[in-house]
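Numbering (full-length UniProt numbering), first residue to last: 1 to 341.
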């Protein structure tokens, strides 16, 4: 689970050279929707002690730090101000965070979850950031309603070891710029929920496109396509149709004007980002096991290339209880990618 592979799944043992960045995307799993909730988030096979924040927070921190990423995006994080931000600040990270308008975690206390972008201040600089609260229409032409999901995007500048040397983007010497966005879309796994996610994805990509256009113009780039874009998040949507509804959200992600492509495989035995066991929704008392891809690292832009990624764990590594567990602190696995920009 810790092995870094190149995109053809051959092992690589070196760090990347000039204008490279290691990126980590993680779904933290809200404390208020797991260890602090009365039913422990429905994770009936997970040892209850493994869900307690007093111990899980350390495993979350370890999971974030062990990859030594230059840039980190997090979603479903409800201990940003009191744990994630101050602890990562001690090792050189800074960040920006946006809360949900009415976080469901508030029903269990004063915790509020949201999305965050964090970065190593000695390697990366945030020049501009923008947050988005989704607003969608129930039917075409109807007034838009505010959703309880958010996104955050930023224009980042990747520093090099020799700032000002050749190899920059033509407008900034030895720096390289790119746009990064992260989000957490509606969770409801139904046809109605998928329709909402599709609208949210469309709105996100339109907003990212406008943000990139403004950034490219401000940098004096001849073309917006010259500015790389990385879009990440828990989309709560698979890339393939289910028995109940089509893959409407992924269709929006994969056919937008940004021309995004995935850094991780979307088909095959290793194509999954979450693997968990929860009670069946029909009240039968049975258990349902889900193993699929709903988290993404998507990218586009001239010169932007995903050259290595961390592999997903095996069934043996997950254990019979799957995740979360003492072996892994969330119900979604980290996506870790080396980008050459």
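Quick reminder that beta carbons are idealized off the backbone N, C-alpha and C, glycines included.
For residue i, name the three-state secondary structure that DSSP assigns.
i           : result
residue 87  : helix
residue 80  : helix
residue 317 : helix
residue 399 : This structure leaves residue 399 out entirely; the chain is present only between 1 and 341.
residue 95  : strand
residue 111 : coil
residue 70  : coil
residue 213 : helix
residue 208 : helix
residue 55  : helix
residue 1   : In this predicted model, residue 1 has a pLDDT of only 38, less than 50, meaning its place in the structure is not dependable; the value taken from the coordinates is given anyway. Correct three-state label for residue 1: coil.
residue 197 : helix
residue 167 : In this prediction, residue 167 has a pLDDT of 45, which is less than 50 and means its spatial position is unreliable; what the coordinates show is noted afterwards. Here residue 167 sits in coil by DSSP.
residue 33  : coil
Take the Cβ of residue i as the centre, count every other Cβ of all protein chains shown within 10 Å, and call the residue buried at 16 or more, exposed below.
i           : result
residue 236 : buried
residue 275 : buried
residue 184 : buried
residue 322 : buried
residue 47  : exposed
residue 57  : buried
residue 263 : buried
residue 239 : buried
residue 136 : buried
residue 140 : exposed
Of the choices the options, whose alpha-carbon is the least far from that of residue i?
i           : options               : result
residue 333 : 102, 35, 117 and 63   : 63
residue 326 : 49, 72 and 338        : 49
residue 177 : 137, 232, 209 and 124 : 124
residue 154 : 127, 141, 145 and 135 : 127
residue 301 : 330, 208, 65 and 315  : 208
residue 103 : 93, 268, 114 and 72   : 114
residue 182 : 297, 308, 336 and 59  : 297
Please name the residue or residues paired with residue i in a DSSP beta bridge.
i           : result
residue 189 : Partner(s): none; residue 189 has no beta bridge.
residue 181 : 153 and 231
residue 21  : 339
residue 75  : 27
Closest Cβ-Cβ distance between residue i and chain C: below 7 Å?
i          : result
residue 91 : In summary, chain C is missing from the structure at hand, where a single protein chain is found.
Runs of beta strand (DSSP E) lying entirely within the region 219-305, each at least 3 residues, in chain order: If we require 3 residues or more, the beta strand (DSSP E) runs fully inside the region 219-305 come out as 229-234, 274-279, 287-292 and 295-300.
Segments of 4+ residues assigned as alpha helix (DSSP H) that fall wholly inside the region 134-165: none
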